[in-house]
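Trainee: Chains H and E supply the protein sequences, listed in that same order. When the first sequence is numbered by the numbering used here, its final residue is 277 and no position is left out of the sequence of numbers. When the second sequence is numbered by the numbering used here, its final residue is 455 and no position is left out of the sequence of numbers. Where a beta carbon is used, it is the ideal one built from N, C-alpha and C, also for glycine. Remember, it's a predicted structure, so these values are computed and weren't measured experimentally.
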Amino acid sequence: MLSGNFPILTGLDFEAGPGEVVLVKGRNGAGKTSFLRAVAGLLRITRGSASVLGVDLVANPADIRHRVGLLGHESFLYEDLTARENVDFILKATRSDMSKAGSSLSSVGLTGRLTDLRVSKMSAGQRKKVALAALLAREPELWLLDEPYAALDSWTREFLDSALNSRVAVGATVILVSHEAHHGSLVPTRVVEIGGGKVINDVSGSDLYQVGPQVTAQKRSGHVA
Amino acid sequence: MWRDALLIAAKDLRIEFRSKVTLNLILPFAFVVLIIFAFALDTSPGTLQKVAPGLFWLAVLFSSIFSVDRAVAIETDDNAGDGLLVYGVDPGGIFLGKVVSVFVQLFLLEIFLLLGVVILYGPKIGGWLLMLASAFFATIGLCAAGVTYSQLASGSRAKQTLLPLLLVPVVSPVLLAATKAWQDAFAVTSSLGDPWLRLLIVFAVVYLALGAIFYSSILEG
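#1: Would you call the CB atoms of A379/E and P287/E closer than 9 Å?
#2: Would you report the Cα separation of S335/E and I308/E, rounded to the nearest angstrom?
#3: Please confirm if L61/H has its CB atom under 9 Å from at least one CB of chain E.
#4: Let me know the secondary structure DSSP gives G154/H once reduced to three states.
#5: If V243/H sits next to L75/H, beta carbons under 8 Å apart, how far is it from one beta carbon to the other, in whole angstroms?
#6: Under 8 Å: do the segment 100-118 of chain H and the segment 317-325 of chain E share three or more Cβ pairs, one atom per stretch?
#7: Cβ of A307/E versus every heavy atom of the ligand ATP: is any distance shorter than 8 Å?
#8: Would you give the residue range spanned by the beta strand (DSSP E) that V439/E belongs to?
#9: Under 7 Å Cβ-Cβ, which residues of chain H neighbour L319/E?
#10: Looking at L397/E: is its Cβ nearer than 9 Å to the Cβ of S384/E?
#11: For F337/E, which residues in the same chain have their Cβ closer than 7 Å to its Cβ, ignoring the five residues on either side in sequence?
#12: Count the C-beta pairs between the segment 127-139 of chain H and the segment 93-100 of chain H that are closer than 8 Å, then say yes if the count reaches three, no if not.
#13: Run through the DSSP bridge pairs and tell me what L122/H is partnered with.
#14: Within the continuous beta strand (DSSP E) that includes D316/E, where are the two ends?
#15: Only counting the same chain, and skipping five residues up and downstream in sequence, which positions put a Cβ closer than 6 Å to that of V306/E?
#16: Can you check whether the CB of G83/H is closer than 9 Å to the CB of L196/H?
#17: Mind checking A274/E: buried by the 16 CB within 10 Å criterion, or exposed?
#18: Counting only C-beta atoms, is I227/H closer than 9 Å to chain E at any point?
#19: Measuring CA to CA, which of I269/E, L399/E, L366/E and L354/E is closest to L434/E?
#20: Between V302/E and the rest of its own chain, which residues show a CB-CB distance below 6 Å, the 5 nearest in sequence each way excluded?
#21: Would you call the CB atoms of V402/E and I299/E closer than 9 Å?
#22: Mind checking which residues open and close the beta strand (DSSP E) that includes L228/H?
#23: Within this structure, are the beta carbons of L194/H and L216/H separated by less than 9 Å?
#24: Can you tell me which of the three DSSP states E344/E falls into?
#25: Under the rule that 16 or more other beta-carbon atoms within 10 Å means buried, what is A392/E, buried or exposed?
#26: Is it true that the CB of A264/E sits closer than 9 Å to the CB of F346/E?
#27: Could you pull the DSSP bridge partners for T256/E from this structure?
#28: S175/H by DSSP, collapsed to three states: which one?
#29: Cβ atoms of V139/H and V182/H: under 9 Å apart, would you say?
#30: Per DSSP, R242/H forms a beta bridge with which residues?
#31: Suppose the cutoff is 7 Å on Cβ atoms and the five residues either side in sequence are ignored; what does the same chain contact list for I249/E look like?
#32: D108/H bridges to which residues according to DSSP?
#33: Once DSSP output is grouped into helix, strand and coil, what is the label at V323/E?
#34: Looking at the structure shown, is T146/H part of a helix, part of a strand, or coil, going by DSSP?
#35: So that I know if they touch, is there some Cβ in chain E lying closer than 9 Å to that of S127/H?
#36: Quick check: D295/E and V440/E, are their CB atoms within less than 9 Å of each other?
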C-alpha cells in the first residue's frame, strides 16, 4: 500500500477466522490504523493479495465495506444532525433494520433528550457512543475497532466488551487496535504486533494467557504486549 | 444509485436547514455582489437594466462556489465521507445527492435574487419560460461541475483558493450562456429554441454524466 508515495505495510502476512478477537499492537506509526483501513476496503492494496469475508480486497475493495464495522479515531458523524438522526441515516445507508435505532442508542446510555441533541453539542465520549450505537444496530460480520475504549466511561467500556463477546459468540470477528492495558471482559484470542510494516509477533493459543485481570500476551521467546 | 442520491440530498438539506448557512451568509453575500457590481459599473437605469442578467449570474456563480464547497465540506468534517464509503453508499449516488441538494439551495437563492434584480434594476421580462428553463439548466451545470471540482480540490490544503481557480474557468460557458439566454428572455421575441439554452442543456448533461462516472475515482483518489 502507498501513503502518498511512501510504501506502508510492505510485508504484512495476516489471517483471522470467525469468532476470533485479535488485538493489534504496535508503536505509533507502525501502520495499525492503515491496516484496519485496508481491511475495511478504504486503502487500496497496490501489491500482494488480500481477501476479507471471501471478497478479493485487491480487485473489489468496495464490495467489502458494507459488511465491516469500522470505529476509528473519527466517528463519521454529522455535527448538525442529532444522535438519533445520525443513527437513522447510517441504518438507512447500510439498509439495516431501522427499528433497532432506538434500542441501540438506549443500550449505550443515550436516552431521552440526549437522542435529540445535536452531535456538535456532545462530548467526545457521547459521540463515540452514538457511533457505537450505529455499529451495534448494524451488526457487522467483521468489527474493526481503532482505540474503541478512548473517551468511554467504565460502564460503556464494559458494555462494549459484553456486546462484542455476544457477537463473537455467533461467529463475528473482532480486530482491535488499542494501546491501553485492558481490564474488561473481552479477552483477545490472539495478539498481533505490527512493526515496520510487518507482523513481528503473532501470539495465540497456549502462548497467550492472562496475568491477573490484565490481558497479557507473552511468547516464550519474549514479551510482546 | 437514485436511492442513495435521495438519502444524501435529504441529509444535506436537513443539515443546511439546521445550519442556515445559505440563508444567513450566502444570500446576503449574493445581494452584496449584485449591488456592489452595479455601483462599480454605472448607476443609470438604462445601463443597469442592460447588465442585470450578467450581474445576476455573476452573483449566482460566486454563491455557487460557497455552496458546493460547503456541500463537500460536510463530508470532510469528522471524515464522514469515509463513513459513506464504509456504509456502501454508491459514489454516483453521493454525487447526484449533492447536486440535488445544492441545486435546491441555489434555485431558492436565485428566486430571491431575481426579486432583488426586479426591484433594484427594474428590467422588463418578456420570456418567462426561457428564463426559467435557462436558470434550471444553468443551475444544474453549476452544481454538477461545482460538486465535481470541489471534491477534487478537497484533498488540497489550499482548497478554498484552489476551488475558484479550477471552477470559474470551467463554468465560464454557463455564465456566458445563462447571461445571453436571460438577455434574450428579457426581449419579447425569445423562445425555447434559443441557442444559448441548448448550450446550457449540453453543459448540464455532460457534467452530470462526467460527475456520476468519475466521482468514485475522485472520492477514493
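Mentor: Straight from the coordinates:
#1: On the second sequence, position 145 is the one that residue 379/E refers to. On the second sequence, position 53 is the one that residue 287/E refers to. The answer is no: Cβ separation not under 9 Å.
#2: Reading the second sequence from its first residue, position 101 is the one you call residue 335/E. Reading the second sequence from its first residue, position 74 is the one you call residue 308/E. Roughly 12 Å separates the two Cα atoms.
#3: Position 9 of the first sequence, counted from the first residue, corresponds to residue 61/H. With 9 Å as the cut-off, L61/H does not count as an interface residue toward chain E.
#4: To locate residue 154/H, count along the first sequence from 1; it is residue 102. G154/H falls in the helix class under three-state DSSP.
#5: On the first sequence, residue 243/H is found 191 positions in, with the first residue counted as 1. On the first sequence, residue 75/H is found 23 positions in, with the first residue counted as 1. Contact flag correct, Cβ pair sits at about 5 Å.
#6: yes
#7: Judged by which ligands are present, the structure shown has none, so any question about the ligand ATP falls away.
#8: Looking up residue 439/E in the second sequence gives position 205. Element bounds for V439/E: not the beta strand (DSSP E) but the alpha helix (DSSP H), P429 to E454.
#9: One-based indexing of the second sequence puts residue 319/E at position 85. Within 7 Å Cβ-Cβ: L94 and R117.
#10: Within the second sequence, numbered from 1, the residue matching residue 397/E stands at position 163. Within the second sequence, numbered from 1, the residue matching residue 384/E stands at position 150. It is a contact, given that the beta carbons lie within the stated cut-off.
#11: As a working mapping, residue 337/E is identified with position 103 in the second sequence. These residues qualify, in order along the chain: T373, I374 and C377.
#12: The segment 127-139 of chain H makes no contact with the segment 93-100 of chain H; the number of CB pairs closer than 8 Å stays below 3.
#13: As a working mapping, residue 122/H is identified with position 70 in the first sequence. Within the DSSP secondary-structure output, L122/H pairs in a beta bridge with L196/H.
#14: Taking the second sequence and counting its residues from 1, one reaches residue 316/E at position 82. Not the beta strand (DSSP E): D316/E falls in the alpha helix (DSSP H), residues A314 to V320.
#15: Here residue 306/E corresponds to residue number 72 of the second sequence, with the count starting at 1. Once the five neighbours on either side are set aside, the close Cβ partners of V306/E are S384, Q385 and S388.
#16: Indexing the first sequence from 1 puts residue 196/H at position 144. Indexing the first sequence from 1 puts residue 83/H at position 31. Not a contact, by the Cβ cut-off of 9 Å.
#17: Residue numbering aside, residue 274/E sits at position 40 when the second sequence is read from its first letter. Burial call: exposed.
#18: Within the first sequence, residue 227/H is the residue found at index 175, counting from 1. Chain E contact via Cβ: absent.
#19: What you label residue 434/E is simply residue 200 of the second sequence in a count that begins at 1. When only C-alpha atoms are compared, the closest one is L366/E.
#20: Stepping through the second sequence from its first residue, residue 302/E is reached at position 68. The answer, listed in chain order, is V336, G380, V381 and S384.
#21: As a working mapping, residue 402/E is identified with position 168 in the second sequence. As a working mapping, residue 299/E is identified with position 65 in the second sequence. Yes; because the gap between Cβ atoms is below 9 Å, this pair is in contact.
#22: Taking the first sequence and counting its residues from 1, one reaches residue 228/H at position 176. From DSSP, the beta strand (DSSP E) with L228/H extends over T225 to V229.
#23: Position 142 of the first sequence, counted from the first residue, corresponds to residue 194/H. Position 164 of the first sequence, counted from the first residue, corresponds to residue 216/H. Contact flag unset, no.
#24: Numbered from 1 along the second sequence, position 110 holds the residue referred to as residue 344/E. Correct three-state label for E344/E: helix.
#25: Along the second sequence, one-based indexing puts residue 392/E at 158. Exposed, since its Cβ has fewer than 16 Cβ neighbours within 10 Å.
#26: One-based indexing of the second sequence puts residue 346/E at position 112. One-based indexing of the second sequence puts residue 264/E at position 30. Against a cut-off of 9 Å, the Cβ pair of A264/E and F346/E comes out as a contact.
#27: Against the second sequence, residue 256/E aligns to sequence position 22. Answer is none; T256/E lacks a bridge partner.
#28: Taking the first residue of the first sequence as position 1, residue 175/H is located at position 123. Here S175/H sits in coil by DSSP.
#29: The residue given as residue 182/H occupies position 130 in the first sequence. The residue given as residue 139/H occupies position 87 in the first sequence. Going by C-beta atoms, V182/H is nearer than 9 Å to V139/H.
#30: Numbered from its first residue, the first sequence carries residue 242/H at position 190. DSSP lists V74/H and S256/H as the beta-bridge partner residues of R242/H.
#31: Translated into the one-based positions of the second sequence, residue 249/E becomes position 15. Contacts found: I308.
#32: Indexing the first sequence from 1 puts residue 108/H at position 56. Note: D108/H sits in a beta bridge opposite S103/H.
#33: Counted from its first residue, the second sequence places residue 323/E at position 89. Secondary structure at V323/E: coil, using DSSP grouped into helix, strand and coil.
#34: To locate residue 146/H, count along the first sequence from 1; it is residue 94. Secondary structure at T146/H: coil, using DSSP grouped into helix, strand and coil.
#35: To locate residue 127/H, count along the first sequence from 1; it is residue 75. It does; some Cβ of chain E falls within 9 Å.
#36: On the second sequence, residue 295/E is found 61 positions in, with the first residue counted as 1. On the second sequence, residue 440/E is found 206 positions in, with the first residue counted as 1. In the sequence on display, residue 295/E carries Leu and not Asp. Contact: no.
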